[in-house]
Amino acid sequence: MKQILSLLLLTCGLQAEAAVYNIRDFGAKNDTTVLSTKAIQTAIDRCSQEGGGQVLVPAGHYKIGTIVLRSKVNLHLEKGAVLFGSTDINDYTPQRTSYVSLRTNTPTVQLIWADNVEDVTIDGEGVIDGRGKSFPKLSWNDEGITRPHLLRFVQSRDVQLKGITLRNSGCWMQHWLACDRVKIDGITVNNRNNYNNDALDLDGCHEVTVSNMICDSDDDGITLKSTSPRLCENICITNCVVSSHCNAVKLGTETNGGFRNITIQNICVKPSYDQSSQFFGHESKRGTSALSLEIVDGGVMENVNISDFTVEGTESPIFVRLANRARSYCDSVKITKVGSIRNVRISNFMVSNAGPTGCSITGMEGHPVENIFLRDIFITQQGGQPETAAPTDEKLAEYPEATMWGILPAKGFWVNHARNVHFDNVCVKTLSPDQRPLFFKQDCE
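Numbering of the sequence shown is given in this note's numbering, commencing with residue -3 and proceeding in unit increments.
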């Protein structure tokens, strides 16, 4: 019996060892002058076909075009392993999905693509580098067309991203669209080499945790979107360090479905170490906002809990905006209703070195933001402003941005078209004398 048991254990051990698919065994070369796309794709396909396992990227530098992930595959990058994106757009294969959204109406290109997969992990101590500076911006909406995303998952389930470093995408770094049960933990993101360089975009996803991420992006940092009727729902984001020329944490701008049951806490917002280039964002390079909450395309925002932010810089730290841009996710569907923002709690914000603009919470006439609670907010900003009139043009159809009106009528918060907004222990200190009040309220109850 002992001999049989030992044989069974040995067999299990051999099977586990056989489930590792080393990309070099499939022809991948530690040489960035040659493409290893085919070799790595073959390893991924074989792994999935044979029931799953680990596709191992050993230490070395490998050049790839588009690779497609499959179910039950763990793409593991050892320390010292770097996957470099090709700088030739012809090495990227356009991909199309059946999922309809504003971002998938045409085929798109990306370095790593996955559609309708499950049980997939990308992990390790290695690096994926898109070399995105090689793809110039050719038109306003060319992201994912002539400038590749680095990572894109669509309608996938039970996916993990752990430990790795992502850098230098052609546009958005990582786009998670209509995915369920996603865990992102302990990754590092640097994305400051092109336009539309977001760090993380969660789009219509459910049951997502993001933790221990350090990211530095030219465009928005941690971003939730809704480019289809599917809401972002049941999402928890914790313990992250974010640098951005634009908005450190943002719900929006695309909001066809909206956001429900969102918790974001323990976020450190800081300036980037690298200020050598800037594509988007506020001209001061301090960042546009620490937190932007937006509904402008007919969706809903409810049950959002934001807490424990430590912020250095940003021009307008907190921006809450309900408006009616009404951009749809497809041409055949028209946005015919105004969305809503209600049941939002923002607490424990410590902000230093903010710009003089001020913060804002604004709805629309007949469509107020409702049940907004702000507690323990401490802001030190430049100040130095005279008494300032409230904006007369509410810019309801324009792209929402915390700096869209320029200097606001309050050094603290301009509140317009709102019901049941509560401020508890809010303090704003200006470094230069400022004639504006702490609060300026219009059409409020």
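All C-beta atoms, glycine included, are put in the ideal place defined by N, C-alpha and C.
Could you give the distance in angstroms between the alpha-carbon of residue i and the alpha-carbon of residue j?
i: residue 444; j: residue 31; result: Nothing can be reported for residue 444, as the shown portion of the chain is limited to -3 through 441.
i: residue 373; j: residue 324; result: 35 Å
i: residue 2; j: residue 157; result: Annotation note: pLDDT 47 at residue 2 (below 50); position unreliable, coordinate value reported separately. Taking the straight line joining both Cα atoms gives about 36 Å.
i: residue 399; j: residue 97; result: 28 Å
i: residue 100; j: residue 253; result: 16 Å
i: residue 337; j: residue 37; result: 45 Å
i: residue 177; j: residue 204; result: 5 Å
i: residue 125; j: residue 57; result: 10 Å
i: residue 60; j: residue 80; result: 6 Å
i: residue 117; j: residue 51; result: 10 Å
i: residue 282; j: residue 240; result: 8 Å
i: residue 430; j: residue 402; result: 16 Å
i: residue -3; j: residue 19; result: Unreliable positioning characterises residue -3 in this predicted model, as indicated by a pLDDT of 45, which lies under 50. A coordinate reading is not provided.
i: residue 292; j: residue 317; result: 8 Å
i: residue 377; j: residue 271; result: 21 Å
i: residue 191; j: residue 223; result: 19 Å
i: residue 21; j: residue 212; result: 35 Å
i: residue 321; j: residue 395; result: 7 Å
i: residue 149; j: residue 261; result: 25 Å
i: residue 344; j: residue 138; result: 39 Å
i: residue 65; j: residue 109; result: 6 Å
i: residue 388; j: residue 70; result: 55 Å
i: residue 228; j: residue 290; result: 13 Å
i: residue 439; j: residue 371; result: 22 Å
i: residue 236; j: residue 78; result: 24 Å
i: residue 487; j: residue 221; result: Any answer about residue 487 is impossible in this case: the structure gives the chain only from -3 up to 441.
i: residue 53; j: residue 226; result: 35 Å
i: residue 215; j: residue 131; result: 17 Å
Just to confirm before moving on: does the CB-CB distance between residue i and residue j stay below 9 Å?
i: residue 193; j: residue 305; result: no
i: residue 341; j: residue 297; result: no
i: residue 68; j: residue 49; result: yes
i: residue 202; j: residue 168; result: no
i: residue 356; j: residue 404; result: yes
i: residue 259; j: residue 302; result: yes
i: residue 122; j: residue 73; result: yes
i: residue 164; j: residue 129; result: yes
i: residue 369; j: residue 410; result: no
i: residue 412; j: residue 358; result: yes
i: residue 62; j: residue 87; result: yes
i: residue 390; j: residue 414; result: no
i: residue 416; j: residue 366; result: yes
i: residue 277; j: residue 334; result: no
i: residue 161; j: residue 186; result: yes
Could you tell me the boundaries of the alpha helix (DSSP H) in which residue i lies?
i: residue 40; result: 33 to 45
The beta strand (DSSP E) with residue i in it runs from where to where?
i: residue 68; result: Residue 68 -> no beta strand (DSSP E), and no H or E assigned at all.
i: residue 77; result: 77 to 81
i: residue 440; result: 435 to 440
i: residue 173; result: 170 to 173
i: residue 131; result: No beta strand (DSSP E) contains residue 131, which DSSP labels as neither H nor E.
i: residue 138; result: Here residue 138 belongs to no beta strand (DSSP E), and DSSP marks it neither H nor E.
i: residue 178; result: 176 to 181
i: residue 105; result: That residue, residue 105, is in no beta strand (DSSP E); it is neither H nor E in DSSP.
i: residue 125; result: 123 to 125
i: residue 363; result: Per DSSP, residue 363 belongs to no beta strand (DSSP E) and is neither H nor E.
i: residue 52; result: 49 to 53
i: residue 84; result: Per DSSP, residue 84 belongs to no beta strand (DSSP E) and is neither H nor E.
i: residue 163; result: 161 to 163
Compute the minimum distance between the beta carbon of residue i and the heavy atoms of the ligand HEM, and state whether it is under 8 Å.
i: residue 178; result: The model on display carries no ligand, and the ligand HEM is accordingly not part of it.
Spell out whether any CB of chain B is found under 9 Å from the CB atom of residue i.
i: residue 37; result: As a matter of chain content, chain B is missing from the structure shown, which is built from one protein chain.
Quiz prompt | Cβ contact (3+ pairs, closer than 8 Å) linking the region 152 to 162 and the region 107 to 116 | solution = By the Cβ test, the region 152 to 162 is in contact with the region 107 to 116, since at least three Cβ pairs between them sit closer than 8 Å.
Practice problem: Taking only runs that begin and end inside the region 278 to 357, name each unbroken beta strand (DSSP E) of 3 or more residues, in chain order. | Solution: Within the region 278 to 357, the complete beta strand (DSSP E) runs of at least 3 residues fall at 285 to 291, 296 to 308, 314 to 318 and 336 to 350.
Self-check item: Length at least 3, wholly inside the region 189 to 259: the beta strand (DSSP E) runs in chain order
Solution: Listed in chain order, they are 196 to 199, 202 to 207, 210 to 213, 218 to 222, 228 to 240 and 243 to 251.
Quiz prompt | Start-end ranges of the beta strand (DSSP E) lying completely within the region 397 to 430, minimum 3 residues | solution = Counting only runs of 3 or more, we get 409 to 428.
Quiz item: Pairing CB atoms from the region 311 to 323 with CB atoms from the region 278 to 289, are three or more of them under 8 Å?
Solution: Contact between the region 311 to 323 and the region 278 to 289 is present, with at least three C-beta pairs closer than 8 Å.
Quiz item: Given 8 Å as the limit, is there contact between the region 259 to 269 and the region 244 to 251, that is, 3 or more CB pairs closer than that?
Solution: Taking one beta carbon from each stretch, the region 259 to 269 and the region 244 to 251 have 3 or more pairs nearer than 8 Å; the two touch.
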